[in-house]
Amino acid sequence: MVGVLLLLLLLPFFLYIAAPKIRKMLSSGVCTSTVQLPGKVAVVTGANTGIGKETAKELAQRGARVYLACRDIQKGELVAREIQTMTGNQQVLVRELDLADTKSIRAFAKDFLAEEKHLHILINNAGVMMCPYSKTADGFEMHMGVNHLGHFLLTHLLLEKLKESAPSRVVNVSSLAHHLGRIHFHNLQGEKFYNAGLAYCHSKLANILFTQELARRLKGSGVTTYSVHPGTVNSELVRHSPFMKWMWWLFSFFIKTPKQGAQTSLYCAITEGLEILNGHHFSDCSVAWVSAQARNETIARRLWDVSCDLLGIPMD
Ligand SMILES: NC(=O)c1ccc[n+]([C@@H]2O[C@H](COP(=O)([O-])OP(=O)(O)OC[C@H]3O[C@@H](n4cnc5c(N)ncnc54)[C@H](OP(=O)(O)O)[C@@H]3O)[C@@H](O)[C@H]2O)c1
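Okay, so the sequence shown: first residue is 1 according to UniProt numbering, each after it adds one.
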């Protein structure tokens with residue numbers, strides 16, 4: 001009995017001492033590239049917090065001009081100032097982008113194309129998870145609309161600029177959760193049945209299918225693309241689920257920090273010689289296995305066509 005009590009009393013102390021070491025052990029995968037990025041232009045979506053903020057910070061640290069594409073300009077400006085102060089790089093710019101509204105996406109792209117000569121790195125990072133059933137301004141289910149269709153349209157609108165700036169890269173932040181995802185073409189907007197957890201998984205599967213189809217279509221263009229699982233990361237992603245918030249809090253000692261979560265996106269965005277792995281999926285800065293669904297070229301091609309159709313853009 002005394003032993004158990006002693007153990008319970010010592011547990012917080014043990015966690016305090018051991019947690020950083022355990023977290024380090026669980027979060028292998030560090031972007032060790034020494035590449036510097038002066039003269040390079042990068043766009044990071046959802047860069048005002050979490051993994052996106054840390055990704056943008058590191059790109060700025062390496063000298064890139066970085067656009068923080070955020071739906072909340074005030075939050076974005078605060079983060080831009082923080083990054084400018086930390087890195088000494090003043091070329092950190094905030095632009096409004098709401099991926100839940102195709103008008104906003106088109107306006108962002110229009111202004112960006114008018115403003116910038118180049119785009120070398122596009123990081124499609126923003127995401128929502130486990131939202132109660134809701135729709136975007138254009139009537140798309142929120143997960144599919146923001147996580148997949150929003151980034152699909154954004155990439156489409158910026159593609160010529162990426163090609164002109166080649167070698168250039170598109171990084172799509174997906175998730176291990178894609179393993180539970182399915183593309184239900186008859187229920188893409190979740191109108192027939194809906195589960196918030198699964199809706200997230202479906203959209204993350206769509207991220208990988210998009211990456212693979214984009215890679216096939218971009219072969220030889222000098223633009224390459226990669227999908228990423230960042231790890232389990234302590235961020236605001238769980239904001240819609242009290243249960244997940246509690247789980248994240250409980251295990252917060254062990255899961256990755258946002259800085260650790262940004263490593264694989266950075267690895268795919270800047271590591272030299274990665275072009276040969278165009279279209280691959282990465283986790284912990286290494287190529288990672290994806291589900292059978294995610295390797296299905298027929299589904300990828302159909303999802304591409306359906307996405308174009310929904311967004312009113314040409315299929316080729
Ligand atoms: N955290 C994890 O364990 C984990 C695991 C696997 C994959 N991921 C993926 O990693 C990516 C980043 O997530 P995170 O963990 O850093 O989550 P986060 O802290 O919640 O950051 C998500 C970002 O996306 C932005 N966003 C949400 N809806 C948007 C919209 N309609 N338009 C524009 N921006 C929008 C958010 O902006 P606001 O602040 O304005 O809401 C925020 O900046 C996501 O794609 C997520 O699926 C995360």
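Virtual Cβ for every residue (Gly too), placed ideally from N, Cα, C.
Spatial distance of residue i from residue j (CA atoms)
i	j	result
Thr55	Asp309	32 Å
Val41	Gln90	13 Å
His229	Ser175	4 Å
Ala177	Cys285	18 Å
His240	Asn234	14 Å
Leu266	Gln36	12 Å
Ser134	Lys103	18 Å
Ala114	Gly46	21 Å
Gly273	Gly50	28 Å
Phe243	Asp101	29 Å
Gly88	Gln61	8 Å
Val306	Ala269	28 Å
Gly197	Ile255	20 Å
Trp304	Phe210	7 Å
Ala215	Lys204	17 Å
Thr155	Cys131	24 Å
Arg65	Ala126	19 Å
Tyr200	Ser221	31 Å
Phe152	Arg302	14 Å
Trp289	Thr271	20 Å
Glu164	His118	7 Å
Leu122	His202	22 Å
Lys57	Ala300	33 Å
Thr136	Val146	8 Å
Glu236	Lys53	12 Å
Leu180	Asn124	21 Å
Thr32	Phe193	44 Å
Span of the beta strand (DSSP E), counted from its first residue to its last, around residue i
i	result
Tyr67	65 to 70
Arg217	Arg217 -> not in any beta strand (DSSP E); alpha helix (DSSP H) instead, spanning 196 to 218.
Val238	It is not in any beta strand (DSSP E) - Val238 carries neither H nor E in the DSSP assignment.
Ala42	41 to 45
Thr224	223 to 229
Ser168	168 to 173
Residue i: first and last residue of the uninterrupted alpha helix (DSSP H) it sits in
i	result
Thr85	73 to 87
Pro314	Here Pro314 belongs to no alpha helix (DSSP H), and DSSP marks it neither H nor E.
Glu54	50 to 61
Ala269	263 to 270
**Study point:** Ordered list of beta strand (DSSP E) runs contained in the segment 278 to 312, each at least 3 residues
**Key:** Restricted to the segment 278 to 312, the beta strand (DSSP E) segments that are unbroken, complete and at least 3 residues in length are 281 to 283, listed in chain order.
Practice item. Entirely within the segment 96 to 152 and at least 3 residues each: give me those beta strand (DSSP E) ranges in chain order. Key: Those beta strand (DSSP E) runs which fall completely within the segment 96 to 152 and span 3+ residues are 121 to 124.
Review point. Given 8 Å as the limit, is there contact between the segment 231 to 249 and the segment 181 to 189, that is, 3 or more CB pairs closer than that?
Key: Contact between the segment 231 to 249 and the segment 181 to 189 is absent: fewer than 3 CB-CB pairs across the two stretches fall below 8 Å.
**Study point:** Stretch pair the segment 75 to 89 + the segment 130 to 143: three plus CB contacts closer than 8 Å
**Key:** By the Cβ rule, the segment 75 to 89 does not count as touching the segment 130 to 143, because fewer than three pairs are nearer than 8 Å.
Exercise for review: Examine the Cβ distances between the segment 77 to 86 and the segment 102 to 114 and report whether three or more of them are shorter than 8 Å.
Suggested key: Counting Cβ pairs under 8 Å, fewer than three are found: no touch.
Check your understanding: Just checking, does the segment 280 to 299 make contact with the segment 252 to 262 on the three C-beta pairs under 8 Å criterion?
Key -> Taking 8 Å as the limit for Cβ pairs, the verdict is that the segment 252 to 262 does not touch the segment 280 to 299.
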